Ligand code: GRF
C-alpha cells in the first residue's frame, strides 16, 4: 500500500508541487494533504490544481485545539514533510509521529540554521560570510529549529558573482533534484 504524505508549507510551494508531481508516478507513496498557516499561500492553489486536498489552519488549531493533529490522524498520514513551513512545529505532533516529520533547509546545517534563518536571510548570511559552498539539508524535525538528525546533504559552490537570488535559485534546483528521492528512500526503508 502507498504511504500517505502530508506537506506543510507557508509560501510559494515550488518544492511541494515538485513532490506532489513526483509521487503521482511512484508506487511508494502519494501526497494526500497540503496544509498551510497562510490563508492565501500560493502552495494551496498549486495543490488544488493538482487535485490534492489543501487546507488552511490557524495557530490555535496547530498549537492548542489539536485540530491539525486530528486531521493528520484522520487522513492516516505516514510521513509529514515540511517544505518552506515557517512556524515552529509543535511537540505534541512530533511525539505522535516519531521520526516521521522531516524538513528541508536551504543551507548546510548546522551552519545557518535556527530561528529567523530562512529564505533570503540564509543566502545573504552565507554570501556575507564568504562561504565557498552552500547547499541543502534534509533532517528530522525535533523541538529545536533546524537541529534534528541530518538525513541528507548536498552542496554546491558559492560563486564570486552570486547574489542571494542567484544562490537561492541554484539551491532550489538542488532541492527539486533530491528532496522527492530522499522522501521515497525514507518511505521504502520504513
Ligand atoms: C526552500 O528553499 C526550503 O529549503 C525552505 O523554504 C524554501 C521553500 O521554497 N525551507 P518553496 O516554497 O518550495 O519554493
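Residue numbers (our numbering): 774 to 963. In this text, a Cβ means the ideal position worked out from N, Cα and C, and glycines have one as well. Computed from a prediction, not measured in an experiment: that's the story for all the values here.
Can you give me the C-alpha to C-alpha distance between residue i and residue j, rounded to a whole angstrom?
| i | j | result |
| --- | --- | --- |
| residue 900 | residue 879 | 13 Å |
| residue 944 | residue 896 | 10 Å |
| residue 789 | residue 865 | 24 Å |
| residue 869 | residue 828 | 21 Å |
| residue 861 | residue 776 | 25 Å |
| residue 933 | residue 774 | 48 Å |
| residue 845 | residue 859 | 19 Å |
| residue 930 | residue 843 | 43 Å |
| residue 949 | residue 792 | 8 Å |
| residue 962 | residue 779 | 18 Å |
| residue 853 | residue 801 | 15 Å |
| residue 937 | residue 891 | 12 Å |
| residue 795 | residue 832 | 30 Å |
| residue 942 | residue 838 | 38 Å |
| residue 830 | residue 817 | 11 Å |
| residue 957 | residue 871 | 17 Å |
| residue 799 | residue 951 | 15 Å |
Identify which residue in the options has its Cα closest to the Cα of residue i.
| i | options | result |
| --- | --- | --- |
| residue 909 | 932, 884 and 888 | 884 |
| residue 918 | 806, 929, 793 and 855 | 855 |
| residue 906 | 813, 821, 962 and 882 | 882 |
| residue 812 | 781, 912 and 924 | 781 |
| residue 913 | 925, 961 and 820 | 925 |
| residue 785 | 803, 814, 797 and 779 | 814 |
| residue 867 | 818, 950, 921 and 783 | 921 |
| residue 940 | 956, 894, 959 and 851 | 894 |
| residue 875 | 837, 916 and 848 | 916 |
| residue 820 | 832, 803, 935 and 831 | 803 |
| residue 822 | 798, 832 and 807 | 807 |
| residue 968 | 911, 889, 783 and 935 | Outside the shown range of the chain, which is 774 to 963, sits residue 968, and nothing can be said about it. |
What distance in whole Å lies between the Cβ atoms of residue j and residue i, which are believed to be in contact at a cut-off of 8 Å?
| i | j | result |
| --- | --- | --- |
| residue 840 | residue 834 | 4 Å |
| residue 959 | residue 927 | In fact, because the Cβ distance is near 16 Å, the residues do not count as touching under 8 Å. |
| residue 848 | residue 805 | 6 Å |
| residue 955 | residue 911 | 5 Å |
When burial is assigned at 16 or more other CB atoms within 10 Å of the CB, is residue i buried or exposed?
| i | result |
| --- | --- |
| residue 953 | buried |
| residue 873 | buried |
| residue 809 | buried |
| residue 886 | buried |
| residue 857 | buried |
| residue 824 | exposed |
Taking only heavy atoms of the ligand NAD into account, decide whether any of them is closer than 7 Å to the Cβ of residue i.
| i | result |
| --- | --- |
| residue 891 | This structure lacks the ligand NAD; its bound ligands are the ligand GRF. |
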